[in-house]
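Residue numbers (the working numbering), protein chains in the order written: chain A, 1 to 136; chain B, 1001 to 1135. The structure under discussion appears below in the form of structure tokens.
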Amino acid sequence: MSDPILIVPCSGIGKSFGTISRDATYCVVEELRKGETDTLCLSLLVMGDEDARRLVKSHRCIAVDSCPNECAKKNLVLSDAKLIANFRVVDILRDNRGLKPNDVTFLDEDGRKLSKILAEKIATKVDESNNKGVIS
Amino acid sequence: MITPKIGIVSCSGECCVEGTISRIATRVVLERLRPHDAVTICLPLFSIGEKGERMFAKNFPTIAIDGCEKRCAKNAIEKYSGKTACSIVVSELLKKWAIKKKSPRRELNKEGLEVATKVADEIDTAMDTLYAGGK
């Protein structure tokens, strides 16, 4: 098996979007593509941690941002990461206007639905990168 | 009386359960314990040059809530804005409280939620201390 792809979510805790980005990341790393993916603390990259920088330079990475500030993507780019894709919760929300996530600490039903949609998109990207085609 | 806001900056800590505890504890403070006194600041926004976040932390007291001894939240505030008013490290509290059983990082279990509530109480007490000291 190839090296795991690192999924790096946003760390925002002010709105539900950050919680959705983390939940989707955990869903991929611990369920959908367990063993093929892993995650990393964004704050380590923010602080320029040498081990974290080495990891993102040597592994394929996917940024999962919540808002247009794109902190995860920008910090990965600043760390010279091998960025293969980036997602934004705001874009997933735009494509699913009927869903209105509200709760931040613990996701409500709509938040969970968005997280699942996002997780499946990330998993598909992992498969594409691992040359496995599109598998849901 | 109007009291100045205190900024709570939580580590992102996606790698470990201590990070989840620090985030949930921060949310408990924001939503339940001190909704009128506390605000939160996104840690990564500091590094990408968000002026509002950096200015707030320069002008108002901040409490850093870190999951581990690397203290990314404390170090980020002090690198980009100024000295933190208080620093809390979850892994040190777990050691002090002799808590060995770990909760899942994705969603805290009952024990994890109890720990997060205790950490929130520590933040609440730290805020009382700051206000008492006239910060």
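Glycine is no exception: its CB is placed at the ideal position from the N, C-alpha and C atoms.
Considering Cα atoms alone, identify which of G14/A, S21/A, S129/A and G12/A is closest to G111/A. S21/A
Between which two residues does the beta strand (DSSP E) containing V8/A stretch? I5 to P9
Alpha-carbon to alpha-carbon, R33/A and D23/A: 14 Å
Taking a cut of 9 Å between CB atoms, which residues from the region 1009-1027 of chain B lie near chain A? Correct list: S1010, C1011, S1012, G1013, E1014, C1015, C1016, G1019, T1020, R1023, I1024, T1026 and R1027.
Separation of A1073/B from D1066/B, as counted between CA atoms: 6 Å
Can a CB atom of chain B be found closer than 7 Å to the CB of I13/A? yes
Can you name the start and end residues of the beta strand (DSSP E) that L83/A belongs to? K82 to R88
Mind checking if K74/A is an interface residue toward chain B, Cβ cutoff 7 Å exclusive? yes
Check whether the Cβ of C1086/B lies closer than 7 Å to any Cβ atom in chain A. Chain A contact via Cβ: absent.
How is I135/A classed by DSSP in three states: helix, strand or coil? With a pLDDT of only 42 at I135/A, under the threshold of 50, the placement of this residue in the model should not be trusted, and no figure is reported.
In chain order, what residues of the same chain lie with their CB nearer than 8 Å to the CB of L107/A, ignoring the 5 residues before and after it? S16, T19, I20, D23, P101 and S115
Nearest chain B C-beta to C4/A closer than 7 Å, yes or no? A small fix is needed here, since residue 4/A is Pro in this sequence, not Cys. So, not an interface residue.
According to the Cβ coordinates, are V56/A and S79/A closer than 7 Å? yes
Given that N69/A touches chain B, what residues does it touch there, using C-beta distances under 9 Å? C1042, P1044, L1045, I1048 and E1050
Determine the burial state of K121/A: buried for a count of at least 16 other Cβ atoms within 10 Å of its Cβ, exposed for fewer. Classification of K121/A: buried, given that the 10 Å Cβ count is 16 or more.
Cβ pair L45/A, S11/A closer than 7 Å: no
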